[in-house]
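Start counting the sequence shown at 1; every next residue gets the next number (full-length UniProt numbering).
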Amino acid sequence: MASAALIPPPCRFFSTTPHLDKMTKARIKLFQFLNGRKGRVYREPKGEPLYMGTHKDQPFPENPLFRSQPVLSDSVRQIIWTRVAEEGEALKVVSADMNIDVRRVAAVVRLKEVENRWKKAGKKLATPYAEAISKMVPQAYWYPGEDNVPFENINEIEVHPATTKQLFLPVSESRQFTRADAAKAFSDTLLPADARSPQPQLISMEREVLDGATRKDSREKFVQAARQEEKDLETAEEARVKAEDLRTQRVTHGRYEWRFKKISVEDVGRDGKRHEGTGMRYGAPFDDRSGGKIKIPTSNPALMGTKTSILIFYLRLAKNTQTVLRYASWVTLAVVNVSGLVLTFMNIFQCSPIQAAWAADFHGPSTCIPLLTEFICAAPVNILTDLAILALPIPVLTGMRLPSRQKTILVITFALGIFVTIVDVVRIYYLQRAITDVPTGTTSDPESRFGGEADFAWNASLSLMWSAVEVNVGMACACIPTLKPLILKLLPAMLHDPNGTRTSSMSRGPMDPDMPRRVSTATGALKADEAFLPDGHVAMKPVDFLTIPETAVIVGSSWRHASSDTAATHAPTSFTASSAPENGVFFGFVNMAKPKSMLRVAMAESLKYCTIVSILFFLWGLSYGLLNTLNNAVAAVNHMPTSQTLGLTSAYFGGGYFFGPLLVGEWILRRDEHNRTKRHGKNEAEHVGGFKATFIVGLCIYGIGTIIFWPSAVTNSYGGFMLSNFVVGFGLSVLEVGANSFMVLCGPAEYGETRLLVAQGVQGVGSVLSGLLAQKVFFKGISQDNMPNSMTLINVQWTYLGITLLCVVLGLFFYYMPLPEVSDKELKRSASLLPSVDPKRRSIAGLELRTVSLILAVFTQWVYVASQESNSIFFRDLLISVSPIQEATRSSEHMEAHGGKYNPDRPPGIALPIPDYLLVGHSAFAVSRFLVGYLTYLSVSRPRLPQPRTYLTICVALCFICALLLVTVQPSKPDLQVIPVLFFFFAEGPIWPLIFALGLRGQGRRTKRAAAFITMGGSGPAFFPFIMYFISHHGSVRRAYIVIVALQVAMMTYPAFLEMSRAARRLVDQRPDLRHGLPSDDTPLHEIIARREAHADVGGAQPSPGFLRRMSKGLDFGFGGAHKAGYQGGADHSEEVSPRTSMADAGRPI
1 MASAALIPPP CRFFSTTPHL DKMTKARIKL FQFLNGRKGR VYREPKGEPL
51 YMGTHKDQPF PENPLFRSQP VLSDSVRQII WTRVAEEGEA LKVVSADMNI
101 DVRRVAAVVR LKEVENRWKK AGKKLATPYA EAISKMVPQA YWYPGEDNVP
151 FENINEIEVH PATTKQLFLP VSESRQFTRA DAAKAFSDTL LPADARSPQP
201 QLISMEREVL DGATRKDSRE KFVQAARQEE KDLETAEEAR VKAEDLRTQR
251 VTHGRYEWRF KKISVEDVGR DGKRHEGTGM RYGAPFDDRS GGKIKIPTSN
301 PALMGTKTSI LIFYLRLAKN TQTVLRYASW VTLAVVNVSG LVLTFMNIFQ
351 CSPIQAAWAA DFHGPSTCIP LLTEFICAAP VNILTDLAIL ALPIPVLTGM
401 RLPSRQKTIL VITFALGIFV TIVDVVRIYY LQRAITDVPT GTTSDPESRF
451 GGEADFAWNA SLSLMWSAVE VNVGMACACI PTLKPLILKL LPAMLHDPNG
501 TRTSSMSRGP MDPDMPRRVS TATGALKADE AFLPDGHVAM KPVDFLTIPE
551 TAVIVGSSWR HASSDTAATH APTSFTASSA PENGVFFGFV NMAKPKSMLR
601 VAMAESLKYC TIVSILFFLW GLSYGLLNTL NNAVAAVNHM PTSQTLGLTS
651 AYFGGGYFFG PLLVGEWILR RDEHNRTKRH GKNEAEHVGG FKATFIVGLC
701 IYGIGTIIFW PSAVTNSYGG FMLSNFVVGF GLSVLEVGAN SFMVLCGPAE
751 YGETRLLVAQ GVQGVGSVLS GLLAQKVFFK GISQDNMPNS MTLINVQWTY
801 LGITLLCVVL GLFFYYMPLP EVSDKELKRS ASLLPSVDPK RRSIAGLELR
851 TVSLILAVFT QWVYVASQES NSIFFRDLLI SVSPIQEATR SSEHMEAHGG
901 KYNPDRPPGI ALPIPDYLLV GHSAFAVSRF LVGYLTYLSV SRPRLPQPRT
951 YLTICVALCF ICALLLVTVQ PSKPDLQVIP VLFFFFAEGP IWPLIFALGL
1001 RGQGRRTKRA AAFITMGGSG PAFFPFIMYF ISHHGSVRRA YIVIVALQVA
1051 MMTYPAFLEM SRAARRLVDQ RPDLRHGLPS DDTPLHEIIA RREAHADVGG
1101 AQPSPGFLRR MSKGLDFGFG GAHKAGYQGG ADHSEEVSPR TSMADAGRPI
C-alpha cells in the first residue's frame, strides 16, 4: 500500500461552458465582449494561469472554484501500476483509494505496459521531453496557504459527462405536469448526487459505514464486487468478440484484410451516434442538417407546373367541343394552382420568424408547422388531381372514331399517368414508416423545423427519393402524348393496321342521323382556321396531332389536297367524344343494348341493371358501417367529449343529407331541367343530367370526402373530421337520390318495393362487413388498456384511399355502362295511366293527395332515421347502464375472471361483448330487408298476402313495442335487455326502402324531386341524439329512450294515413293487372285501356270489402272534402289542366 504522502489531493470535476447553439443570448454576448478589445483586461489576469476562455470547451468565466486535475508524478504512476498489474487489484478499487478517476488509472496502466515493452526491446524513452513538458505546466495551490502543485494544461481538462446535465427541468405553463412527467424527470434529469459523482463507490462505502459496518468490511465488500464486475466484463467481452466473429465475413487480399458485416438501425441508432455509426451523413456533421430543406419547396412548384401543362393540353384538346372536359379541366387547373401555391408558401413561411426554417445557426424561439404535417396534408390534393388528370381524357379518347390499334395505343398512353398516383402513394407509405411520433399542429419544438425528429431526413430518405421520382415520372408522362411523330418514324407498324385499312372502332359512321350538325360545325371551324394560314399550310389542332391518319402525316403538305368529304369526316372525330352508343359492344366483349326507357324494362333486364347499381348500395354500406366506430375512435384519440362525438354524426346526416339531395341530387337527376337557358335547351347533346350523371357526380363527391380524412387523421383536427363526414354524407346522399329511385323505377312498377328492399339489404351486408373490419381489425381493443393514438386513425386512411380509387373506377364504369334513363315527361304519362286514383284529387287541408303522401313520407323518413341512429349511438350506454359495473369493475373476482384486465366492451353480466351485439343487430337489420323483399315479391302474384304498406305498418308497430319495452321493463339480467334491442334492429330494417318506394307512387312529373325530398329525410339525426344526450346526462339512459318512443309514435302518421285512407291505398297499392301498362311508345291509348279492361274481366269478381275497408272509405270521404266522383282510371289526365277537365274526358273505370 502506498504511503499517504504519495497520494495526491482529491480531484474535482466542474461543468464546462455549453456549446454555442445551446447558450443563452446573455452568455453569447458575454463571450463576444471577452473577445473584443474591452474584454482583454478580464480575459488575461496578471500572474495567474489562463483559466478563462471563450471557446465551447473552456470553463465558465471567473469560476472561483475551478481547478484542473493535478499532474501524476512518476512515483504515483508506479504505485498505480504495482497495485493493478502486480497485486491484481481492481481498477475501481485503486481509483477509490487514490481519489483518481478510473479512466486515468486505466490510461496509466496501459502507458506503463508500453514503457515496459520498450525497455525490454531496448528502446529509449522520451523521459527528457516529458520532464520538460512537466516544467511547463501551470502551478497553483490547492488550498490557500499551501504550496503550488502542477496542474494539467487547460486544453486537456477532463470533465465528467454527468456534470454537463442540467439540474433543473423547465416546464411550460400551458401543459399539465403529471406524476409520469415527474418520474421521468427524476430518472433522467434531476439525478441525485451519488449518481452524478465521479466516484459513486465512495458514497456507497460511506453509507455502509453509517449503517454500522466497519470501514474494513465495507472496503473488502467493495473490492470483491469490483473484482466480480471485472470478471463479468471480461466474460461479456469474450462473448461479444465471438459473436462479432460470427457476424463478420473476412476477406484477405494481399496485405489487406476486409471485414464485412450487416448493420441494422439498432446498431447505428436513428441519429447515427451509436458505436456502430459512422458519425457522418450526407457528407455533413450531425449539427448541420438544414441544407436538404432547400430542395423541398421546389417539389410542389414542379408538380404544379407539370399538371398545369397537361391540363392546358386538355383545354386545347377540348376547344369549342367537349363541354364537360373543358369545364372539368378548368376546375382541376384552379385546384392544382391554388393548392400548389398554398403548399409552396407554407414551405417557405414554415416558421415564425421565417429565418428559423432556413438559417442553420438560428437558435432563438420559434413556432413552426411540422414538415411531416405539410407532406401528409398535401397527399389528398396530389392524389385527387392525379386521378382527375388520369380519368378526364379517357371518355374523350374512347369516343373518337379511330382505328382500333390507334385508339388502344392512345388510351394506354394516357393511362400511363396512373404511375404518378402510384408513386405518390408509395412516397406517403415510406414517409409514414419513417416516423415514430406524428406531430400535429404548430409547435415550438426546434426539431419540427425539419420533420419533427432529430434526424428526419435520414429516416425519411426513401420518401424523399420517391418525391423526386414523382416529379420526374410526371414530366415523362406529360411528354408521352407528343411522341407520335417519333413513333411514326421509328415504329410505324405500331400505328398502322396490318391490312392497311383504317376502320373505325365505333359502330356508327359520320353520316348517322345525329351527326350532320356536328359535322357541319366542325367543318366550318376547320375551314375558318385554314383561311388565316399561308398557302401550303393547314391548321393542326392538338387532337389532330394525336389522331390524324398516319398516311396524312407521312405525306406532309399533300394532306391539304384531300377532299372536303375527308375533312368533314375527320373533323368530328377530332373534336367530339360522344357518349356510349345506344346499341353497341360494351368493353369490347359484352353486348348490352340500351333500352329506350327504364319504365319499359322487362324483369330479366331489370335484374341485370339493378345488380350493377347494387354496387353503389354496398359502397355506402361500407361507409355507414365504419361511421359509428370511426367516430368513437376519433373521440378516443383526441379525448373529445360526447357532444363533439355527436357533432360528427350530425355533420354526416344533418349536414350532408340535408344539403346534398336538394342542391346537387335533384339538379343533376332532372336532366330535362338542367339547362336554364333556351340557348342550351335547344341542344340536347349538351344535357349532362340523368341517373348516370348522378352516379358519377355522387361518386366523385364521396371520393373527395374519404380522401379528406387523410390529413384529418394526421393532424387530429376536429374541423377536418367534421368536413370529411359532411362531404362523405353529401356525396352518399346524392348517390341515394339516384340509386334508390333507379331501383324503384327500373322495371315493372309492382316490383319496385322488392327491388329496393333487396338492394338496401345489400347495403346492410356492407355495413356488417365494414363494422366487422372496424371492430376486429382497425380499432381492435381501442377501449382497453392500450390507449389509441393518431397512428390508429392513420391505419384507416389506406382503406379510405382504396375507396377513393374504387370511386374513380366505378365512375368510369358507369360512364360506359348503357344504363336506361327516364324523362319527366315519361313519368308524367305513366302517372296518368298506371294509378287507379287521381293523384291530384284534394285531400287533407285541401292539398293534393300525392302532396299529402309525399309530405308524410318525408316526415316519417326524417323521424325514422333519427330513431335509428339514436338507438345505434346509445346502444352501448344502454347495456352498460343496466349492468352492475360500479362494483364489479373494482372487484378482484371480476378482474381475475377477465385475465386481470377490465374490458369495458364486455361489462359483467353480458354474454357477448357490446360490439358483437351491435354486429348481431346490424345483421338482423339486413336480414329483415331481404325477408320483407321476398314477401313483397310474393304479394304481387298472391293478392291474399299483405301489401307493402301493411308491412310498413307492422314494422313501425314492432319498433314502437320494442322501444316501449326498453323504457318500461327493467330486466334482472343485462342479456335480457339485448332481446328487445335486437328485435328493434330487425323491425326497423325494411322501413326506409318501404317509405321511399311508397312515397314515389303517383308523383308523376315530380317523381325525381320527390326522391330528393325523401332522401333529405335522412337528416333526422342532426338534433335528436343531442336531446337524448342531454336527458341521459341529467337523468338516465333508460329515460333518454323516451325520445325514441316519441319518434315511433310520430312514425305512425304515414302508415295510418295509408291504412285509413282509401284513396291513399289505391295510390300506393300494387296492381298486377297493370304490369303491361306501357308496352311501347307507339301503342295507342285506347288499346292500353282495352287491354286493361280485358285483363280485369278475366280476373273475376273481387272479394267483398271488409270492416276496415268500409271504415276507411268513410274516412276517405271526410279527407276528400267536396270531391264527388272517383277517379276514372283510364283517362290520360294532364298535370297542366284542371281536375274538372280531366273528369270530363274520363272514360269507363278500370
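Glycine included, C-beta positions come from ideal geometry on N, C-alpha and C.
To the nearest angstrom, report how far apart residue i and residue j are at their CA atoms.
i	j	result
F726	L491	52 Å
W466	V473	10 Å
I354	L371	14 Å
R517	L998	For R517, the pLDDT reaches just 41, beneath the cut-off of 50, and the residue's location in the model is therefore unreliable, although a value from the coordinates is still provided. Going by the C-alpha atoms only, they are around 43 Å apart.
P403	V396	15 Å
I612	A759	10 Å
I1027	G689	39 Å
S134	Q224	37 Å
L607	F814	16 Å
N598	L819	Per the sequence shown, residue 598 should be read as Met rather than Asn. So the alpha carbons of these two residues sit roughly 9 Å apart.
A392	G705	One point to set straight first is that residue 392 is Leu, not Ala, in the sequence displayed. So the alpha carbons of these two residues sit roughly 19 Å apart.
Q947	L756	15 Å
I1044	R949	22 Å
I80	Q176	53 Å
Y624	A924	16 Å
L849	N716	50 Å
E220	K261	44 Å
R670	K828	13 Å
V209	I203	10 Å
V102	K92	6 Å
N638	Y718	8 Å
F414	E244	54 Å
I873	P1025	8 Å
Spell out the partners DSSP gives residue i in its beta bridges.
i	result
F871	The amino acid occupying residue 871 in the given sequence is Asn; Phe does not appear at that position. Paired residue(s): none; N871 is not in a bridge.
N472	N472 is not bridged to any residue.
N716	BP columns for N716 are empty, so no partner.
P953	Note on residue identity: the sequence assigns Thr, not Pro, to residue 953. DSSP, once it has assigned bridges, lists no residue as partnering T953.
H253	Y256
Could you pull the start and end residues of the beta strand (DSSP E) that residue i belongs to?
i	result
W258	256 to 260
H1033	Segment 1024 to 1034 is the alpha helix (DSSP H) holding H1033; no beta strand (DSSP E) there.
So the alpha helix (DSSP H) residue i belongs to, where does it begin and stop?
i	result
R326	323 to 348
Q228	215 to 247
Q176	Element bounds for Q176: n/a, residue is neither H nor E.
S134	127 to 136
R1001	No alpha helix (DSSP H) contains R1001, which DSSP labels as neither H nor E.
S643	642 to 649
W667	666 to 669
S972	No alpha helix (DSSP H) holds S972; DSSP gives it neither H nor E.
Taking 6 Å as the cut-off, is the C-beta of residue i nearer than that to any heavy atom in the ligand HEM?
i	result
P1055	For the ligand HEM, the structure offers nothing, since it holds no ligand at all.
Say whether chain B places a C-beta atom closer than 7 Å to the C-beta of residue i.
i	result
V637	Protein chain content of the structure displayed is limited to a single chain, and chain B is not contained in it.
query: Between the region 738 to 747 and the region 834 to 854, do three or more beta carbon pairs fall short of 8 Å?
result: no
field: At least 3 beta-carbon pairs within less than 8 Å: the region 701 to 713 vs the region 370 to 386
entry: yes
query: Okay, do the region 639 to 654 and the region 746 to 761 touch, 3+ Cβ pairs below 8 Å being the bar?
result: no
Alpha helix (DSSP H) runs contained entirely in the region 811 to 849, provided each spans 4 or more residues: 824 to 833
query: So, do the region 1041 to 1051 and the region 858 to 877 have three or more beta carbon pairs nearer to each other than 8 Å?
result: yes
message: Check whether the region 649 to 665 and the region 757 to 773 are in contact - that is, three or more C-beta pairs closer than 8 Å.
response: no
message: Runs of 4 residues minimum, wholly inside the region 904 to 950: which ones carry the alpha helix (DSSP H) assignment?
response: 914 to 941
Segment contact flag, the region 842 to 862 with the region 1004 to 1016, C-beta cutoff 8 Å, min 3 pairs: yes
message: Within 8 Å, do at least three Cβ pairs link the region 318 to 337 to the region 301 to 309?
response: yes
message: Assess contact between the region 982 to 989 and the region 959 to 971, defined as three or more Cβ pairs (one per stretch) separated by less than 8 Å. Is contact present?
response: yes
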